[in-house]
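Its first residue numbered 3, the sequence shown is counted upward by one per residue in my numbering.
Don't be surprised by glycine CBs; every beta carbon is placed ideally from N, CA and C.
Note that the structure is a prediction, hence the values are computed from the model and not measured.
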Amino acid sequence: QLSTCWRPGPFLSMSLESRYTRYGLVLLATVVRATAARGVTPCAPGQTKRCCGDGMCNGPEDINTCMADCPGVTTHGSCGEEPHSDRGGKGLTFGVSHRAASAQDCCDKCKAHHKGCNSWTFCGYPVCFGLDTGWNHTFGECWLRVLPDPAAPVFGQRGEYSMRYRTKMLRTRKACTSIDTPGGLSPGWVCPPTHVPWTSGSIGVQPDLSLRWQTGGGWGNMRIQQLGPDGVPIESTCTRNNGQSCDPNKLDHGR
């Protein structure tokens, strides 16, 4: 006799966060295959050097196949550059119409600004995926801002994008049809990339580049968390919307 009591399978029995973690691993495997076909090897416990994720852009890696490492820091130490970050602050320029030739040029423009700029953000990729859909952010955008304390910056985005966020934003640009082709692996960079495409810095402040960060959430409630050594977000580090505290009881504050 067949039981009339339906029991969920193992996947559906997991918590929502666990499901996305498992789903993320499956999707990550497809990206790994795509980049491996181009000669790029992702870092793993048995290989931590000359691989994608070691912090060095070398070998066959480029901005398309290994966004985690490429192009890396390209500015003078005084610029305080942190790749994959979008610093906040009071705006001095509108980057869509304020352009620079490079991250160094953007930093230099900040240093020379007459209103005391101490925070700069630059788009160094062909397309910089934005949290909005109204602007097509492209190479050369240079956003200059003033932070109350450049040694304690706030961020709109930082580090890698969570798989949940990338999946949620997949159709932001309608031409994107596959989660397996992030960033430069998609035609015209239409798909959400693996990492925040912006690079930014606080003038005269050296960031700790050994720390790893993750951006998730949703428009109006972006959340940023530090990642632990195991790659799992540290809940106590969660901030949202340029430094506000996260509330796990509100939609997308706690994920």
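In the assembly as shown, Ile-226 is a buried residue. Its beta-carbon has 16 or more other beta-carbons within 10 Å.
DSSP lists Arg-160 as the bridge partner or partners of Ser-87. Taking 8 Å as the cut-off, the Cβ atoms of Cys-108 and Phe-131 do not count as close. The stretch 153-161 makes no contact with the stretch 96-116, as fewer than three CB pairs between them are under 8 Å. DSSP places Gln-106 in the uninterrupted alpha helix (DSSP H) bounded by 105-114. For Met-69, there is no enclosing beta strand (DSSP E), as DSSP gives it neither H nor E.
The C-beta distance from Ala-102 to Cys-144 rounds to 4 Å, short enough to meet the 8 Å contact threshold.
The alpha-carbon separation between Gly-82 and Thr-76 amounts to approximately 11 Å. For Ala-154, the closest C-alpha among the options Gly-233, Asn-120, Pro-62 and Asp-64 is that of Asn-120.
Contact check for Gly-126 and Phe-141: beta-carbon distance about 7 Å, within the 8 Å limit, so the pair qualifies. Buried is the label assigned to Arg-166, since at least 16 other Cβ atoms lie within 10 Å of its Cβ. Runs of alpha helix (DSSP H) with 4 or more residues, each lying fully within the stretch 115-150, are absent. DSSP places Arg-168 in the uninterrupted alpha helix (DSSP H) bounded by 165-170. By the CB criterion at 8 Å, Leu-146 and Arg-89 fall outside the cutoff. Collapsing the DSSP output to three states places Thr-201 in a strand.
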